[in-house]
Amino acid sequence: MTEIRENPFCERICHVFSEDGSGDMTFDDFLDMFSVFSEAAPRDIKCAYAFKIYDFDGDNYLSRHDLKETLKCLTRGELTDEEISFVVGKVLEEADLDDDNMLSYIEFEHVISRSSDFLNTFHIRI
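Right, dumping it as structure tokens:
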């Protein structure tokens, strides 16, 4: 599918939704993925999966490294390392409520709750 193939997080999406984490999806995994990316899926489910997709190292926090990898995917190499570090710093300045230099799921959820575009962008139309 074009929507998945062209998604900058294609590899991460397949990894997160594959039951064994290999990236190889079964038909059931595929259905689960489309359920989450459905326009009808609740915000909390979408938020939980977005967090998993952005948590590259799987430690249940979005660290500087995770945020940098997320930006690299989103910008497809159009930003310099300095620009990426600057943006990550601003994200943490705004969203890291306990100043531990990473985002917990609660902090991420708080940011998403203030984002009017999240539900409009975290979906795949079939």
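Numbering (the working numbering), first residue to last: 248 to 373. Just so it is clear, CB atoms sit at the ideal spot from N, CA and C, and this is done for glycine as well.
Practice problem: For Leu314, name the three-state secondary structure that DSSP assigns. | Solution: helix
Quiz item: Closest by CA to Glu340, which one among Ser269, Asp304, Phe365, Phe355?
Solution: Phe355
Quiz item: Is the closest heavy atom of the ligand ZN to the C-beta of Ile292 under 7 Å?
Solution: Annotation note on the ligand ZN: not contained in the displayed structure, which lists no ligands.
Self-check item: Reference Arg361; option with closest CA among Ala342, Asn348, Phe284
Solution: Ala342
Quiz item: Where does Thr317 land, buried or exposed, given buried means 16+ other C-beta within 10 angstroms?
Solution: buried
Quiz prompt | Anticipated Cβ contact below 8 Å, Asp313 with Tyr301, distance rounded | solution = 6 Å
Quiz item: Relative to the C-alpha of Asp306, which residue among Cys294, Phe264, Leu350 is closest?
Solution: Leu350
Practice problem: Could you please give me the residues that DSSP links to Leu309 through a beta bridge? | Solution: Leu350
Practice problem: Rank Ser363, Ser310, Thr327, Arg323 by C-alpha distance to the C-alpha of Tyr352 and give the top, closest one. | Solution: Ser310
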